[in-house]
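In what follows, a structure is listed as structure tokens, so that the remarks can point back to it.
Residue numbers (my numbering), protein chains in the order written: chain A, 1 to 113; chain B, 114 to 227.
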């Protein structure tokens, strides 16, 4: 049982380049989330989705776009990377009930130079 | 705005101690509270989830309690072991704009010394 899988694990980008982070879950979860984790800032929600074909903005959405074309996949895109987007990115998923815990992937460490 | 606080930010203890980790939140209108563990370079692993109607949950040496009226939760770790060393985060679930979201504390780094 793979749970939540994120690819890639590491990536270095130059300012202005674009990339897509991939997240896949095999638990048939309705909800999926993208967070970033920075020292001293904790976990901050970027975008989330409550079902296939839906997306919504979280706390820090600027500079990112997302898509949920299939229930099991949630993609995070950076159109023009900036050094401020250097961070560790986590994808997470959960069921739709209040007793459904959040399951996290192992993260993508992104450096923008 | 919901704020979640974990104090202290770090704790170092000798092996065998019973520990209490604290989490406080400002808005009592939550639907659940979760405790997570994060090991270096890894994602978060869910330890315990307490629904808003519950007072506590237990799993092995871990016990989490919830007092919504005072805006507090505690995670009790019995007979701590070096393998318990990790960062522990709490998160409260709230409904906002018709959807559910988690608000995280910044975590507490625990070191258990042999």
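For each residue, glycine too, the CB sits at the ideal point set by N, CA and C.
- Sequence-distant partners of residue 80 (chain A) (beyond 5 residues in either direction) whose C-beta falls short of 7 angstroms from its own C-beta, in its chain, are 16 and 18.
- Assignment of beta-bridge partners to residue 32 (chain A) by DSSP yields A:49 and A:93.
- DSSP places residue 64 (chain A) in the uninterrupted beta strand (DSSP E) bounded by 64 to 67.
- Residue 14 (chain A) sits exposed, since fewer than 16 C-beta atoms from the chains shown fall within 10 Å of its C-beta.
- Within the same chain, Cβ atoms closer than 8 angstroms to the Cβ of residue 220 (chain B) are found at 119, 122, 151, 200, 201 and 202, the five residues on either side in sequence being excluded.
- At least one CB of chain A lies nearer than 7 angstroms to the CB of residue 155 (chain B).
- Of the residues assessed, residue 213 (chain B) falls on the buried side of the cut-off, its CB having 16 or more other CB atoms within 10 angstroms.
- Counting only Cβ-Cβ distances below 8 angstroms, residue 114 (chain B) has no contacts in chain A at all, with the closest Cβ about 10 angstroms away.
- In the three-state reduction of the DSSP assignment, residue 196 (chain B) falls in the helix class, which pools H, G and I.
- Counting every other CB atom within 10 Å of its CB across the protein chains shown gives residue 208 (chain B) a total below 16, marking it as exposed.
- Residue contact check for residue 104 (chain A) against chain B: a CB pair falls below 7 angstroms.
- Here DSSP, grouped into helix, strand and coil, assigns residue 85 (chain A) to helix.
- Distances from the CA of residue 25 (chain A) to each of A:11, A:91, A:83 and A:57 were compared; the closest alpha carbon is that of A:91.
- For residue 76 (chain A), the nearest beta carbon of chain B is not closer than 7 angstroms to its own beta carbon.
- When beta bridges are read from the DSSP output, residue 170 (chain B) appears opposite B:177.
- Close partners of residue 42 (chain A) in chain B (Cβ separation under 9 angstroms): 117, 202, 217, 218, 219 and 220.
- Per DSSP, residue 19 (chain A) is one residue of the beta strand (DSSP E) stretching across 19 to 25.
- Contact of residue 90 (chain A) with chain B is assigned, a C-beta pair being separated by under 7 angstroms.
- Listed as beta-bridge partners of residue 38 (chain A) by DSSP are A:42.
- Neighbours of residue 170 (chain B) in chain A, taken as residues at a C-beta separation under 8 angstroms, are lacking, since the least C-beta distance is about 10 angstroms.
- By the CB criterion at 7 angstroms, residue 66 (chain A) and residue 85 (chain A) fall outside the cutoff.
- In this structure residue 206 (chain B) is buried. Its beta-carbon is surrounded by 16 or more other beta-carbon atoms within 10 angstroms.
- In this structure, residue 22 (chain A) keeps its C-beta atom at 7 angstroms or more from the C-beta atom of residue 89 (chain A).
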